[in-house]
Structures are given as C-alpha cells and as structure tokens.
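Residue numbers (my numbering): 7 to 127.
By construction, the Cβ of each residue, glycine as well, lies at the ideal position given by its N, Cα and C atoms.
Single-structure report; data block below.
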C-alpha cells in the first residue's frame, strides 16, 4: 500500500513556522523560546510573513524558504552555531549554521535557507 500526505497537510506545518516573528542567531542549540531569545541569543531580527515563501520541495513534498536577513545587529559576543525562529510564545524551528565568531556592535547576514518536508515514502 502506498503512503500519501496531501500538500495541505505538509503546508500546515510550514504555515506554522511562517508565523514566526523573530529570528535569532544563537551560540548553542536552544530547546525553549527563552533560550532562543535570551540565553543563547547573539543577534536577532524581526520577521514576518513576507520573509517566508512556500513552494514545491526540491526533491518531493513542500518547502518554505526563509529569506536572507541582512545587517542583523549583533548584541553579544560569541560563536554562532544555530538559527532559531520563534513566535510570541513558542520556539518554532531550530537549524544549524556555519560556525562564525560574532562581536557585539557588528552586524551579521543570515543567508536564505529552507525547511523541506518530504512526501511520505
């Protein structure tokens, strides 16, 4: 028996991520919103629905691309290892990033990246 998931089901997951209102660059993997926006936060930027673009996945399924964020102010010194997306109450998504030393007072650019949900197989 074949497996199937409607694009609407996959999109629902991606739509939830796209409700994010803040993108943070972190020095460690956050497991809570508080860790993402306070404990491990090195830099942050406000995001909105215009920063997220849904499309068919590169291989299968669906994806959302998070747009590039230029000149994000760095608030704390540290080594960036993760990027997180949060809404007002939840940690929605965390991914790794290229490790980079950040210095308070400088800026950092977060390149565009994607979250892809594959069709069931």
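Task: Same chain, Cβ closer than 7 Å to residue 118, neighbours up to 5 away in sequence not counted - done: Excluding residues within five positions, the ones whose Cβ falls inside 7 Å are 71, 72, 73 and 74.
Open item on the list: Just to confirm the assignment: which complete beta strand (DSSP E) runs, minimum length 3, are found wholly within the stretch 21-47?
Closed with: Runs of the beta strand (DSSP E) inside the stretch 21-47: 28-32.
- [ ] Could you name the residues of the same chain whose beta carbon sits closer than 8 Å to that of residue 17, not counting the 5 residues immediately before and after it, in chain order?
- [x] So the list reads 60 and 68, once near-sequence residues are dropped.
TODO: Would you be able to state if there are at least three C-beta pairs under 8 Å between the stretch 92-110 and the stretch 16-32?
DONE: Short answer: they touch.
Task: Reference residue 33, options 80, 57 and 10, closest by Cα - done: Comparing Cα-Cα distances from residue 33 to each of 80, 57 and 10, the minimum goes to 80.
- [ ] Report buried or exposed for residue 126, applying the criterion of at least 16 other Cβ atoms within 10 angstroms of its Cβ.
- [x] Looking at its Cβ environment, which holds fewer than 16 other Cβ atoms inside 10 Å, residue 126 is exposed.
Task: Per DSSP, cross-strand counterpart(s) of residue 125 - done: Paired residue(s): none; residue 125 is not in a bridge.
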